[in-house]
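FYI, in the working numbering the residues of the sequence shown are 7 to 153.
The beta-carbon is built from N, C-alpha and C at its ideal position, and this holds for glycine as well.
Nothing here was measured: the structure is a model prediction, and the numbers come from that model.
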Amino acid sequence: MDTKESGKYTDNINILIQRRALMKVNLGPVTRIEGHLNIETTVENNKIVDARCMGEMFRGFEVFLQGRSPLDAQQITQRICGVCPYAHAVASSYAQESVYKLNVPPNGRIMHNLIQGANHLYDYLLQFYQLAALDFVDITAILKYKG
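Okay, structure coming up:
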């Protein structure tokens with residue numbers, strides 16, 4: 007969507023909000039993420055009074071874990087998403103630490119945090135440059151490049 011279209015869309019929403027004291031605005035589906043996301047807001051007198059974020063697509067990954075050892079969860083859950091596998095593995099390991107009442111040594115926690123930080127950096131770069139940049143950059147400009 008170019009800037010002109012984006013401006014028109016925003017202007018249309020603002021006009022609708024000015025006309026009605028109470029309205030619902032549904033922004034979805036948001037498809038540039040793994041799965042599908044829907045955002046629903048309730049606007050009353052030009053103020054957002056309620057907002058809900060819903061993952062609307064059941065993917066069934068929980069079924070893979072049924073009947074398996076809980077120790078398998080860390081390896082299985084990181085296959086849920088190709089974009090952010092480590093986040094799912096860490097969530098699984100935190101759950102296991104809690105269930106088994108494990109005390110992770112300080113060096114283990116530091117290693118966890120360093121790997122998670124590196125994953126965040128990787129994820130931000132991937133999300134912007136490969137998944138979202140086309141919404142912000144005119145890639146046809148390369149055709150005019152003479153360098």
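Which whole-angstrom value describes the C-beta separation of residue i and residue j, a residue pair presumed to lie in contact below a C-beta threshold of 8 Å?
{"i": "leucine 28", "j": "isoleucine 45", "result": "Contact doesn't hold; Cβ gap of about 18 Å is too wide."}
{"i": "isoleucine 121", "j": "tyrosine 92", "result": "6 Å"}
{"i": "leucine 96", "j": "histidine 118", "result": "Here residue 96 turns out to be valine, not leucine, going by the sequence shown. That belief holds up - the Cβ atoms of valine 96 and histidine 118 are roughly 7 Å apart, short of 8 Å."}
{"i": "cysteine 90", "j": "aspartate 129", "result": "5 Å"}
Rounded to a whole number of angstroms, what is the C-alpha to C-alpha distance between residue i and residue j?
{"i": "leucine 108", "j": "isoleucine 145", "result": "50 Å"}
{"i": "glycine 61", "j": "valine 31", "result": "17 Å"}
{"i": "valine 36", "j": "tyrosine 135", "result": "18 Å"}
{"i": "arginine 74", "j": "leucine 140", "result": "41 Å"}
{"i": "isoleucine 148", "j": "phenylalanine 142", "result": "14 Å"}
{"i": "alanine 124", "j": "glycine 66", "result": "28 Å"}
{"i": "histidine 42", "j": "alanine 138", "result": "15 Å"}
{"i": "proline 111", "j": "valine 69", "result": "32 Å"}
{"i": "glycine 153", "j": "leucine 131", "result": "26 Å"}
{"i": "threonine 47", "j": "phenylalanine 64", "result": "22 Å"}
{"i": "histidine 94", "j": "arginine 58", "result": "23 Å"}
{"i": "glutamine 133", "j": "cysteine 87", "result": "13 Å"}
{"i": "serine 104", "j": "tyrosine 151", "result": "56 Å"}
{"i": "asparagine 51", "j": "asparagine 113", "result": "52 Å"}
Using a Cβ-Cβ cut-off of 7 Å (strictly less than) and excluding sequence neighbours within five positions of residue i, which residues of its own chain qualify?
{"i": "glutamine 81", "result": "none"}
In chain order, what residues of the same chain lie with their CB nearer than 8 Å to the CB of residue i, ignoring the 5 residues before and after it?
{"i": "alanine 79", "result": "Leu71, Ser98, Ala101 and Gln102"}
Sorted by chain position, which residues of the same chain lie with C-beta nearer than 6 Å to residue i's C-beta, five sequence neighbours on each side aside?
{"i": "isoleucine 54", "result": "Thr47"}
Those runs of the alpha helix (DSSP H) which lie wholly inside the stretch 40–86 and span at least 4 residues: Here the runs fully enclosed are 67–71 and 79–83.
Whole runs of the alpha helix (DSSP H) within the stretch 105–141, excluding any shorter than 4 residues: Those alpha helix (DSSP H) runs which fall completely within the stretch 105–141 and span 4+ residues are 112–132.
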